[in-house]
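Novice: Using the working numbering, you'd call the opening residue of the sequence shown number 68 and step up by one each time.
No residue lacks a Cβ here, since even glycine has one placed at the ideal position from N, Cα and C.
Sharing a structure below in structure tokens format, with a few things to ask.
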Amino acid sequence: ENKNGTTNDVVTAITIDNNNNEESDQDLIQQADQLFGDDKLLAAARLLRKVQDNTLLTEQHYQRLQKAERFEQVVRDLNSAPGPEWTKQGESHNGKRDTIIYYQVQNSKLTARIETPIEKSLLVPLLAVFNESDLYVTWIPNFDYPVKLGLTKSVKLRQEGRCHQLILANAYMPWPFSTREVVIDAMAIDDIDANGAIVVKMEKGKDDDPHIPPKETPDTVRADFDGGLLFRKCPHDHPTLLHSKTETRSAGEHSSGNNDSDGGLILVCFTMCVDSHISYVPKDLINFVTRSVLGLMWGQLLQVAEDIREGKREQHVAAIQAKQELYAWVEERVQVLLANIVNDGGSGCEKQHDLKESNENIKSE
């Protein structure tokens with residue numbers, strides 16, 4: 068017994084226990100670092116939150132935790148049915164594709180949400196369309212009537228790892244508005260093993276990023292952008308399926324096999340918020356963007372993915388072939404996602420949360 072009245076055996080046991088906790092924390096941090104390097108930010112964050120001794124966490128770890136929270140917000144938002152603050156612009160059921168577009172406008176900010184189930188064979192080509200940002204300008208439609216609106220440039224400014232890009236895009240606007248420019252920091256993460264999901268977060272690039280060039284002209288206005296993408300198993304009662312004209316897609320009828328012919332579907336949910344810094348947005352421009360531009364852009368996006376799948380887009384096919392290692396990894400991870408769907412894995416969202424109640428409260432055009 069020592070002078071404090073505590074036996075040496077107890078002191079030794081406490082010391083060993085503390086050492087074990089420290090080793091456990093170190094192991095958690097090491098595993099989290101490995102997961103982050105493998106593009107599994109959310110899995111890494113789950114381990115970092117288990118660390119008991121916060122003094123072991125670096126500033127970089129805290130930055131990753133903050134970034135993970137933004138990704139988790141994307142998942143929460145897109146896993147929830149739209150509420151009454153959204154206006155349903157419309158539905159499209161053409162026998163091939165089913166899509167619903169929602170939007171809301173506040174001051175100069177336009178927020179849109181688009182949801183489309185896709186067949187599994189389209190997932191990798193669709194990911195490629197999003198990834199090849201230098202080629203956005205080759206497929207995003209331009210408009211001359213009733214207003215002039217379109218993309219003039221899309222450039223990848225920086226590539227960090229496999230799934231993190233900094234993108235610059237310029238768009239011309241109808242008179243009297245000047246050219247708008249947007250810098251997007253886009254990052255995709257793999258949450259397939261835990262939740263059967265691929266998540267993308269897009270946000271405004273930092274003003275002090277050395278990779279961002281000066282504005283092309285003094286009159287160019289830099290717009291703000293925020294958005295997200297979620298790829299997951301499609302709930303059997305998703306609104307797009309309730310009125311589907313595609314035989315294998317009617318609500319409750321698609322299964323979860325590994326071939327397109329069995330009707331198993333991936334749900335693609337996209338959201339974006341654009342602030343073009345316009346003090347007054349004409350109603351005609353709002354109507355044109357919400358009723359025409361959004362649907363045409365989304366339809367063209369899916370058409371490009373189909374063309375890539377069939378080998379028709381030479382520039383995209385060449386870009387994919389030049390990144391064989393990257394796309395081999397994408398294909399491998401997608402196959403794991405599809406296997407999870409077969410085994411009823413994935414997000415576990417067999418039903419769309421509050422589906423009927425939420426959609427009854429949504430305004431429609």
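Is the separation between the beta-carbon of Gly272 and that of Asp252 shorter than 8 Å?
Specialist: yes
Novice: Within its chain, find whatever has a CB closer than 7 Å to the CB of Leu108; leave out the 5 residues flanking it on each side and keep chain order.
Specialist: Arg131, Lys134, Ala135, Phe138, Ile256
Novice: Determine the extent of the alpha helix (DSSP H) in which Arg61 is found, giving its start and end residues.
Specialist: Residue numbering for the chain in the displayed model covers 68 to 432; residue 61 lies beyond these limits and cannot be assessed.
Novice: Suppose contacts are defined by Cβ-Cβ distances below 8 Å. Is Cys336 in contact with Lys176 by that definition?
Specialist: Contact flag unset, no.
Novice: Let me know the alpha helix (DSSP H) ranges lying completely inside the segment 84-162, each 4 residues or longer, listed in chain order.
Specialist: 108-115, 126-146
Novice: In the DSSP assignment, the alpha helix (DSSP H) including Val403 goes from what residue to what residue?
Specialist: That run of the alpha helix (DSSP H) goes 391-409.
Novice: Taking Gly217 as part of the beta strand (DSSP E), name the residues at either end of that continuous run.
Specialist: 217-227
Novice: Counting Cβ pairs, one atom from each stretch, are 3 or more of them under 8 Å apart for the segment 114-122 and the segment 96-103?
Specialist: yes
Novice: Pairing CB atoms from the segment 237-253 with CB atoms from the segment 268-286, are three or more of them under 8 Å?
Specialist: yes
Novice: If you drop the 5 nearest sequence neighbours on each side, which residues of the same chain put their C-beta closer than 6 Å to that of Gly228?
Specialist: Taken in chain order, the list of residues that qualify is empty.
Novice: Which residues share a DSSP beta bridge with Asp211?
Specialist: Paired residue(s): none; Asp211 is not in a bridge.
Novice: Would you tell me roughly how many angstroms separate the C-alpha atoms of Ser323 and Val267, rounded to the nearest one?
Specialist: Low local confidence applies: a pLDDT of 40 at Ser323 is under 50, so the model's placement there is unreliable, with the coordinate-based value given in what follows. Approximately 24 Å, taken between the alpha carbons.
Novice: Any idea if Ala110 is buried or exposed, counting beta-carbon neighbours within 10 angstroms, 16 or more meaning buried?
Specialist: buried
Novice: Please tell me whether Arg376 and Pro192 are closer than 8 Å, where the distance is taken between their beta carbons.
Specialist: Yes. Within cutoff.
Novice: My assumption, with CB atoms under 8 Å, is that Ser184 sits in contact with Leu332. Please give the rounded CB distance.
Specialist: In the sequence as presented, Ser is not what sits at residue 184; that position holds Pro. So it is a contact: roughly 4 Å between Cβ atoms.
Novice: Say whether the segment 362-381 touches the segment 214-221, bearing in mind that this needs 3 or more beta-carbon pairs closer than 8 Å, one atom from each stretch.
Specialist: no
Novice: Taking contact to mean at least 3 C-beta pairs separated by less than 8 Å, is the segment 280-291 in contact with the segment 154-169?
Specialist: no
Novice: Find the nearest neighbour of Pro302 within the set Glu270, Gly263, Val384, Asp258, judged by alpha-carbon distance.
Specialist: Gly263
Novice: Go through its chain and collect everything with a Cβ distance to Pro485's Cβ below 8 Å, but skip five positions before and after it.
Specialist: For the chain, the structure presents residues 68 to 432; residue 485 sits outside this window and is missing.
Novice: In angstroms, rounded to a whole number, what distance separates the CA positions of Phe210 and Ala236?
Specialist: One C-alpha to the other measures close to 16 Å.
Novice: Taking the CB atoms as reference points, tell me whether Leu297 and Val141 lie closer together than 8 Å.
Specialist: yes
Novice: Using only the alpha-carbon positions, how far apart do Ala195 and Ala372 sit?
Specialist: 8 Å
Novice: Could you pull the start and end residues of the beta strand (DSSP E) that Asp293 belongs to?
Specialist: 288-300
Novice: Tell me whether Ile251 sits in a helix, a strand or coil according to DSSP, three-state version.
Specialist: strand
Novice: From the DSSP output, in three-state form, read off Lys350 for me.
Specialist: Looking at Lys350 - three-state DSSP - the assignment turns out to be helix.
Novice: Tell me the DSSP secondary structure of Asp304 in three-state form.
Specialist: coil
Novice: Looking at C-alpha atoms only, which residue of Ile387, Leu405, Val348 is the closest neighbour of Pro243?
Specialist: Val348
Novice: Does DSSP put His278 in a helix, in a strand, or in coil?
Specialist: coil
Novice: Compare the Cα-Cα distances from His433 to each of Asp165, Leu102, Leu145 and report the closest residue.
Specialist: Residue 433 falls outside the range modelled here, since the chain spans only 68 to 432, and no answer is possible.
Novice: Between the alpha carbons of Leu123 and Asp92, how many angstroms are there, rounded?
Specialist: 8 Å
Novice: Using DSSP's beta-bridge definition, name the partner residues of Gln173.
Specialist: Lys176
Novice: Which same chain residues end up closer than 7 Å to Phe355 when comparing Cβ atoms and leaving out the 5 residues on each side of it in sequence?
Specialist: Pro213, Val214
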